[in-house]
Each structure stands twice: as structure tokens, then as C-alpha cells.
Amino acid sequence: MKKFINKGQHFMNGNYACVEAAILAGCRFYGGYPITPSSEILEGMSARLPEVGGHFIEMEDEIGSIAAVLGASNAGLKAMTATSGPGFSLMQEGIGLAMITETPCVIVDEMRAGPSTGIPTRVSQGDVMQGRWGTHGDVETIAYAPNSVQEMFDLTIEAFNQSENYRQPVFIMADQVVGHMSEKIVINDPDEYHVTERITRNSHDDSMTVFDYSRDFTPMFLPGKGFHGMVDSLSHDERGYPSNSPEVGDMMMGHLLGKIRNNRDKIVRYEEFMLEDADIVIVAYGILSRVAERVVTDGRKNGLKIGMFRPVTLWPFPDHEIERLSENAERIVVAEINYGQYSHPVREYSRIPVEEIHFIPAALPSPEAMLRSVLKSPEPRAIKGGVSK
Amino acid sequence: MPPSFTGFTEKKMEDVALEIEYDHPKSRYLRTERLPHIWCPGCGIGIVLNSYLEAVGKSGIPAEDIVLVSGIGCTARLPGYSNIDSYHTIHGRGIAFATGMKVANPALRVSVISGDGDLFNIGGNHIMHAARRNVDMLVICVNNFNYGMTGGQHGATTPIGSRTASSPYGSTEDSFNLPYIMAALGASYVARWTVLHVRQLVQSITRGMKHRGFSFIEILSTCPPNFGKDNNFPSGFSEMEHYRQFCTVDNTANLREISIDFLAKKPIVLGEFVNERRKTYHEREEQVMKMAQGDQQ
Chain A
245 MKKFINKGQH FMNGNYACVE AAILAGCRFY GGYPITPSSE ILEGMSARLP EVGGHFIEME
305 DEIGSIAAVL GASNAGLKAM TATSGPGFSL MQEGIGLAMI TETPCVIVDE MRAGPSTGIP
365 TRVSQGDVMQ GRWGTHGDVE TIAYAPNSVQ EMFDLTIEAF NQSENYRQPV FIMADQVVGH
425 MSEKIVINDP DEYHVTERIT RNSHDDSMTV FDYSRDFTPM FLPGKGFHGM VDSLSHDERG
485 YPSNSPEVGD MMMGHLLGKI RNNRDKIVRY EEFMLEDADI VIVAYGILSR VAERVVTDGR
545 KNGLKIGMFR PVTLWPFPDH EIERLSENAE RIVVAEINYG QYSHPVREYS RIPVEEIHFI
605 PAALPSPEAM LRSVLKSPEP RAIKGGVSK
Chain B
85 MPPSFTGFTE KKMEDVALEI EYDHPKSRYL RTERLPHIWC PGCGIGIVLN SYLEAVGKSG
145 IPAEDIVLVS GIGCTARLPG YSNIDSYHTI HGRGIAFATG MKVANPALRV SVISGDGDLF
205 NIGGNHIMHA ARRNVDMLVI CVNNFNYGMT GGQHGATTPI GSRTASSPYG STEDSFNLPY
265 IMAALGASYV ARWTVLHVRQ LVQSITRGMK HRGFSFIEIL STCPPNFGKD NNFPSGFSEM
325 EHYRQFCTVD NTANLREISI DFLAKKPIVL GEFVNERRKT YHEREEQVMK MAQGDQQ
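Chains A and B, in that order, give the protein sequences. The numbering of the first sequence is our numbering, which starts it at 245 and goes up by one. The numbering of the second sequence is our numbering, which starts it at 85 and goes up by one.
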């Protein structure tokens, strides 16, 4: 039985890196439904989980997948699923259930061109706002945007850890290229990774209710241990009992939102590239940040004072960082593979006008194309044959 | 301690009432602080709750091992009144949630108790696949022939011709025949009872809980304020009376022919239709684990 992948250098694609990272992070349940471009995660899990005593089940659809994941997580296992836009849409109600019941889990959404079935095999970053506001009601989400196979590995472990720390679903919003691209990654000895174990209560403790709204974290109770707990999708009090009271609802919401808002600095991650003296700041995430990195390097060679800001967590939004950058920069240019989504929160926090570059979903632009677009700014780029702004 | 009536005159009435309530035989299985429940006068769901708790006691299964899962609707509130680990999930997804729970921890004894709308309209896909997989769980479907909580609209279990809030001219769709569907899907225990047939119901729930594999029990219930009022059952009693007059028990009935039609005054066939043993999802998964772990040794 091979528990963990060998340490050392590997050449693999992002989806298999995600599988190995999940096994290492302690994931022991996968419930999923095949969908391009994430299917290799499902396939990889079907082979790897039984080897480590974990449970794999291919559910009847994505709605069933997220429900099974939440059931398994409530039963005490670290659990995950992976999907793409159409499946992520179907999972949104279940994601709300995970939020209100404070059920940890990891959901990988590999973005492909949408809307609807769109172009299944091609890249997009069209789900980033869905990762923020996809489910109904007020939520604070945590979403990572890996830009390499290495990050697909590292951030999968971090996603599991944060889902345990904050008892809520965590998204890995990879794009199709990150999932399917094969490149070199370095994997360390399993002991060198920090893995947050599930903290649970084993038996009934009268001094403890199912939830505790005065603290950011309450240990979960597990069924079958005599706790007699109640978990409800309705607004509930600390005992888990449903309530129509606006005051109880407000207490619960204050807790659910507060546990993320209060710990924002511990969750937000970003990367700054050649920003020290940059007049032009490109904001890019996911695979497009790899293109932007090259644009910055090439631009610097040509004497441009240009740099890149890359959110590693799309959500919570790096608001302070954008505010700070906008104090010194002359231009802020948000580049993304959609028709303008992440540019909106950037504009909300920037003190200078924010420019947008939209790349057509389904095609990764060349660095030359991006540089041309950046230099053409501030005139918004008209998309040939498509939507012009 | 049993209530003592000997010192009655010395005690205040309220104290005696409290003592009696505390010693109610089901109170240890109930979240008594959550009572009174939300169900309407004449509703049959309370009988199902009582029957289920009776069966828990009879089954010999420790209540601590049991998990109750439900979706959304009137019946889905039932687990919340029982003092058993309970999960009130989202509309239609109780069985998928329970599947994940049972697969993750096979030691749990999982029951899903929900309504006809939750299990067979919005949740139809999940019950179909859980039965096919033979996940070891008991599913109790309380059938009141309509969407009660939203005010009595028609659904897939509404008998043809019935008037509801959304079929004011009478339902024009054929309804599901639940035991027939569940037997065809591979459920290894299938039964149908009504809230009038409490003895048989308790026995059937006890069997379903102990049965290894996917068990399904349809319980025909009463819903006077929503379904009954426009369909000749103005009270819970009148629907009970209909069950008393028209129900027959036939364990070997041809399931194809046991659909429900109130208007035609068709006999309602009850019974324990399927009770067989086949490999559960868990037993098959254990084989997979052995194969996977053997390969690496």
C-alpha cells in the first residue's frame, strides 16, 4: 500500500498533483461526477483513496456529490469534490448548506469557457464572481487561484487546512490550463507539510452547545457518539435548533461572517512581482499571471516601470493591498480571461481609475498580445468580432 | 421514576403534570424543549414520529448509533424533534447526504425520514441511485399526496383528479406508484402502511432498521388542511376512515397494480412486498479496498 507519493521531483499535471496533495492533507472521502477538465481528479481519487483506506463514490450528479461530501464530512472525514463551471453551478445550494452548518470541505472548480456548456476543453476565468456570490444569502468565501502544478499541490493542502481552521468549504478555483498542464513539481517528505487535523468532540458535554457564536471556532460533534446533536439548514441558535427570530439569525450570521472577516489577514495570500517602483501595475491571477510575469520581465527590459500583483486567494479580497498599491501606481490594469469580473472589486478599493483587459475565454493570450494590450491602454481594447466595451 | 398519584391532594396539579410529562415513555427519545411541534391538527406525521421511536426501542439498536437525516418539508422536521443525532439538510438531498455519511462511517445506522415531495419529486434522482447501490439505510417516505409546507400544491404522488392549490381543476398527471418504483430500482426491503396501521408500521420500521441493505417504507398519511379539504377528507379522521374501509394487506400483490386512486375508491394495498438480502454498497467497497491495498503489498 503506497500511502504518500515519493518525495522528489515529479512531472505531472495539475489534476494529479491535486489528488496526491489531497491524500497527503488527509482527505479520505471523495464524492464526484465526471466533468471536463477536472475528471482526472475523480479518476485519480478512485484509484488512490482505496489504497489508503479512504472512500470514493461516483455520485449521480454534482448536486448529489456536494451533498455526499457534506454527509461524509459531518461523519468525521475530510472530504472533497472537483468539478467545472456547470457542476459548480449545481453545487451552489449545497455550498450554502456547508456554510450554514459549518461543514469543512474542499471544492475544486476548474474554470472552462462559459456560460452554460460553453467550450468544455478550453480555459476561462469566468467563475471568479461565482466563487464569491454563487450561493444565495450572505457568505464569506475562501478561494485559491493556483497558477502552476506546484501551487495546485501546495494550495490543495492549504485549502484543506483552512477548511478545518474555519469550518467552512474552501474553493480551489483553478483554470483549465492549470488542471491539464504538465510540468515539474517538487514534493517534500510528508512530514514537512503542516496538516491541520479535524478537531472534534467525542461525547456529549452539557457545557457545550453544537455551535458557539462567541468564538470563531467550535469543535464539531460527530454522529454516533451520544452527543444527540442537531444540525440544521434553517437559521439556528447555538443548540442547532431552528429559529425564525431575526436576532438569532443575526447572531448566527455575525458568527459565520465574522470568523472569516476577523481572520482576514491569516487567510489572504498574494504575490508581488517587481512592484517596488512600478508605475504600471498588472493585476492577474491563475494561469494568466504566468503570462503577465513574462510581460513584466519583457517590459522591464524595454525600460517600462511595470510590475504585477497576483492574488493567490481571490477571496477574501486583498483590499488593503489594492488600496496601498493604488497610492503609488500611475495605472492599474486588471487582466483576466473573461469579460470583466475581478476588475470590479479592484475598482472598489483602488484610489485611481482601474483599466481592464479582457481576453477571450477559450484562448490563453501570448505575452506579446498582453503587452500590446497593456500599452494600448487606457483605451479599452475592442474585442474583434465580439463584445466591445 | 413512575409518577405517583398517591399524594395527589398534597401536590399542585402542575407538579403532577410535569412529573407525568417527564416520565412519558418516549421523552428520553424526544427534544421535549422543542415541543409543541409545527404540525397541523389532524396531521399523521406525529404518529410516524411515535412509531419510529417505538421501533427504535424495539429494535435493540442503541439510539446513539442512529442518525436521522431529512430534506425539507413537513416530514423533514421530524428528526429535529427526536433526541437522536439529526441532520436537517436541503430540499431533496437528504439521501445523497446520508449516502456520504453512511459510506464515510459504516457503523452508523442511518435513517432518512422525509416527505413524498422531497424524496420523489426534487430528490428522485438520489433515491433511485441509493436503491441501486444498495446503500445500507432505511428510507421512510411519509406520503401526504401534496406539498404540505408550501400550502398544498400537487406533485408526482398526487392521485390523478385530485384538487390542490396548483391543480384547481383536478390533477391531470398520473401519479407515482412508490412500492412498484422502489422494487424495480432494487430496494431490498419495500413496504407500505398507513398512519392507521400503527402496529404493523412499528413492526415494519423495526425490520427496516435491522435489514441490511436499502430499505424503503411508504407511509400513507393525512393532511386535512392542504390535501384533504378539497378531496373529501375534511378532517384527519375522515382520511383515517377511508384507510380503514379501503385498505387491504397483501404481501404478494402485483406491485404494478397497487397505485392509489381515491376518487375511484380503489382498494389501497398495504404490505411488506420485498424482503431480500443482497450485497450492500459497503460490502462491495470492502472488496475494492482489499484489492487496492493488496496490489501494493
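Ideal Cβ placement from N, Cα and C applies to all residues, glycine included.
(message) Can you pull the chain A neighbours of B/Phe-300, defined as C-beta to C-beta under 8 Å?
(response) Here residue 300 of chain B is taken as the residue at index 216 of the second sequence, counted from 1. The premise fails here: B/Phe-300 is roughly 17 Å from chain A at the closest Cβ pair, so nothing lies under 8 Å.
(message) Along the chain, where does the beta strand (DSSP E) containing A/Gln-253 start, and where does it finish?
(response) Taking the first sequence and counting its residues from 1, the one referred to as residue 253 of chain A is at position 9. Element bounds for A/Gln-253: 252-257.
(message) Tell me which residue opens and which closes the beta strand (DSSP E) that A/Glu-599 is part of.
(response) Residue numbering aside, residue 599 of chain A sits at position 355 when the first sequence is read from its first letter. Looking at the DSSP string, the run of the beta strand (DSSP E) that includes A/Glu-599 is 598-602.
(message) By the 7 Å beta-carbon criterion, what residues does the segment 276-296 of chain A contribute toward chain B?
(response) Pro-294 and Glu-295
(message) Taking contact to mean 3 or more Cβ pairs, one atom from each stretch, closer than 8 Å, check whether the segment 310-323 of chain A and the segment 390-398 of chain A are in contact.
(response) no
(request) Would you decide whether B/Ala-191 is buried or exposed? Buried here means 16 or more other CB atoms lie within 10 Å of its CB. (result) Along the second sequence, read from residue 1 onward, the residue named residue 191 of chain B stands at position 107. With fewer than 16 other Cβ atoms within 10 Å, it is exposed.
(request) Select from the segment 470-494 of chain A all residues with a C-beta closer than 8 Å to any C-beta belonging to chain B, and list them in chain order. (result) Gly-470, Phe-471, His-472, Gly-473, Met-474, Val-475, Asp-476, Ser-477, Leu-478, Tyr-485 and Pro-486
(message) Going by C-alpha to C-alpha distance, which of A/Ser-487, A/Asn-259 and A/Leu-268 sits closest to A/Ile-249?
(response) Residue 249 of chain A sits at position 5 when you count from the first residue of the first sequence. Taking only the C-alpha atoms, the option nearest A/Ile-249 is A/Leu-268.
(request) Can you pull the chain B residues whose beta carbon is under 9 Å from the beta carbon of A/Ala-319, in chain order? (result) Here residue 319 of chain A is taken as the residue at index 75 of the first sequence, counted from 1. By Cβ distance, chain B contributes Val-151, Gly-184, Met-185, Lys-186, Val-187, Ala-188, Asn-189 and Leu-192.
(message) Output needed for B/Ile-122: all residues of its chain with C-beta closer than 7 Å, excluding positions within five of it in sequence on either side, in chain order.
(response) Counting from 1 along the second sequence, the entry for residue 122 of chain B is found at position 38. So the list reads Arg-161, once near-sequence residues are dropped.
(request) Go through its chain and collect everything with a Cβ distance to A/Pro-589's Cβ below 7 Å, but skip five positions before and after it. (result) In the first sequence, counting from the first residue as 1, residue 589 of chain A sits at position 345. Cβ neighbours of A/Pro-589 beyond the five flanking positions: Phe-561.
(message) Which same chain residues end up closer than 7 Å to B/Ile-206 when comparing Cβ atoms and leaving out the 5 residues on each side of it in sequence?
(response) What you label residue 206 of chain B is simply residue 122 of the second sequence in a count that begins at 1. The answer, listed in chain order, is His-175 and Gly-176.
(request) Please state whether DSSP places B/Met-266 in a helix, a strand or coil. (result) For this step, residue 266 of chain B is matched to residue 182 along the second sequence. Helix at B/Met-266.
(message) Contact criterion: CB-CB distance below 7 Å. Does B/Met-221 meet it with respect to chain A?
(response) Position 137 of the second sequence holds residue 221 of chain B. Not closer than 7 Å to any Cβ of chain A, the Cβ of B/Met-221 fails to qualify, so no.
(message) Measuring straight from C-alpha to C-alpha, what distance separates A/Gly-502 and B/Lys-313?
(response) Within the first sequence, numbered from 1, the residue matching residue 502 of chain A stands at position 258. Within the second sequence, numbered from 1, the residue matching residue 313 of chain B stands at position 229. Their backbone Cα atoms lie some 47 Å apart in a straight line.
(message) Please classify A/Glu-395 as buried or exposed, where buried requires at least 16 neighbouring CB atoms within 10 angstroms.
(response) Stepping through the first sequence from its first residue, residue 395 of chain A is reached at position 151. Classification of A/Glu-395: buried, given that the 10 Å Cβ count is 16 or more.
(request) Check the DSSP bridge columns for B/Gly-199 and list the partner residues they point to. (result) Within the second sequence, the letter at position 115 stands for residue 199 of chain B. DSSP lists B/Val-226 as partners of B/Gly-199.
(message) Between A/Leu-286 and A/Gly-276, how many whole angstroms is the CB-CB distance? I'm expecting something under 8 Å.
(response) Sequence index remark: in the first sequence, residue 286 of chain A carries index 42 (1-based). Sequence index remark: in the first sequence, residue 276 of chain A carries index 32 (1-based). At roughly 4 Å, the Cβ-Cβ gap stays under 8 Å, so A/Leu-286 and A/Gly-276 are in contact.
(message) Any beta carbon from chain A within less than 7 Å of B/Ile-373's own beta carbon?
(response) Taking the second sequence and counting its residues from 1, one reaches residue 373 of chain B at position 289. The question names Ile, but residue 373 of chain B is Met in the sequence shown. Taking Cβ atoms only, chain A reaches closer than 7 Å to B/Met-373, which makes this a yes.
(request) Could you work out which residues of chain B lie near A/Met-343, taking near to mean beta carbons separated by less than 7 Å? (result) Working through the first sequence from its first residue, we reach residue 343 of chain A at position 99. Here the premise fails: no neighbours, minimum Cβ distance about 12 Å.
(request) Decide if B/Tyr-113 is buried, meaning its Cβ has at least 16 other Cβ atoms within 10 Å, or exposed. (result) Reading the second sequence from its first residue, position 29 is the one you call residue 113 of chain B. By the 10 Å Cβ count, B/Tyr-113 comes out buried.
(request) Using three-state DSSP, classify B/Gly-292 as helix, strand or coil. (result) As a first step, residue 292 of chain B must be located in the second sequence, where it is residue number 208. It is helical.
(request) With B/Asn-359 as the anchor, note down where its alpha helix (DSSP H) starts and where it stops. (result) Here residue 359 of chain B corresponds to residue number 275 of the second sequence, with the count starting at 1. Note, B/Asn-359: premise wrong, no alpha helix (DSSP H); beta strand (DSSP E) at 352-359.
(message) In the DSSP assignment, the beta strand (DSSP E) including A/Arg-366 goes from what residue to what residue?
(response) Walking along the first sequence from the start, residue 366 of chain A turns up at place 122. Element bounds for A/Arg-366: 363-367.
(request) Could you tell me whether any Cβ in chain A is nearer than 7 Å to the Cβ of B/Ile-174? (result) In the second sequence, residue 174 of chain B corresponds to position 90, counting from 1. Taking Cβ atoms only, chain A reaches closer than 7 Å to B/Ile-174, which makes this a yes.
(message) If I measure Cβ to Cβ from A/Phe-455 and keep anything under 6 Å in the same chain, skipping five residues before and after, which residues do I get?
(response) On the first sequence, residue 455 of chain A is found 211 positions in, with the first residue counted as 1. Taken in chain order, the residues that qualify are Thr-462 and Glu-482.
(request) Could you check the C-alpha separation between A/Gly-320 and A/Gly-470 for me, to the nearest Å? (result) As a working note, residue 320 of chain A is residue 76 in the first sequence. As a working note, residue 470 of chain A is residue 226 in the first sequence. Their backbone Cα atoms lie some 14 Å apart in a straight line.
(message) Considering Cα atoms alone, identify which of A/Glu-599, A/Glu-302, A/Glu-537 and A/Thr-453 is closest to A/Phe-465.
(response) Here residue 465 of chain A is taken as the residue at index 221 of the first sequence, counted from 1. The candidate whose alpha carbon is nearest that of A/Phe-465 is A/Thr-453.
(request) Could you spell out the range, first to last residue, of the alpha helix (DSSP H) harbouring A/Pro-330? (result) As a position in the first sequence, residue 330 of chain A is number 86, starting the count at 1. Where A/Pro-330 is concerned, the enclosing alpha helix (DSSP H) stretches over 329-345.
(message) What are the residues in the segment 294-314 of chain A lying within 7 Å of chain B by C-beta distance?
(response) Pro-294, Glu-295, Gly-297, His-299, Ile-301, Met-303, Glu-304, Asp-305, Ile-307, Gly-308, Ala-311, Ala-312, Val-313 and Leu-314
(message) What would DSSP say about B/Leu-304, mapped onto helix, strand or coil?
(response) Working through the second sequence from its first residue, we reach residue 304 of chain B at position 220. Strand at B/Leu-304.
(message) Which same chain residues end up closer than 7 Å to B/Val-358 when comparing Cβ atoms and leaving out the 5 residues on each side of it in sequence?
(response) The sequence position of residue 358 of chain B within the second sequence is 274, counting from 1. Closer than 7 Å at the Cβ level, and outside the excluded window around B/Val-358, lie Ala-267, Ala-271, Ser-272, Tyr-273 and Val-274.
(message) Which residue wins for smallest C-alpha separation from B/Met-293, given the options B/Thr-173, B/Ser-195, B/Gln-284 and B/Glu-360?
(response) Reading the second sequence from its first residue, position 209 is the one you call residue 293 of chain B. That would be B/Ser-195, whose Cα lies nearest to the Cα of B/Met-293.
(request) Give every residue of the same chain whose Cβ lies closer than 6 Å to the Cβ of B/Tyr-231, excluding the five residues on either side of it in the sequence, and list them in chain order. (result) Walking along the second sequence from the start, residue 231 of chain B turns up at place 147. The residues are Gly-201, Gln-237 and Gly-239.
(request) Give a yes or no on whether the C-beta atoms belonging to A/Leu-341 and A/Ile-307 are separated by under 7 Å. (result) What you label residue 341 of chain A is simply residue 97 of the first sequence in a count that begins at 1. What you label residue 307 of chain A is simply residue 63 of the first sequence in a count that begins at 1. Against a cut-off of 7 Å, the Cβ pair of A/Ile-307 and A/Leu-341 comes out as no contact.
(message) Can you look up A/Arg-356 in the DSSP assignment and give me helix, strand or coil?
(response) Locating residue 356 of chain A in the first sequence gives position 112, where the first residue counts as 1. Note: A/Arg-356 maps to strand in three-state DSSP.
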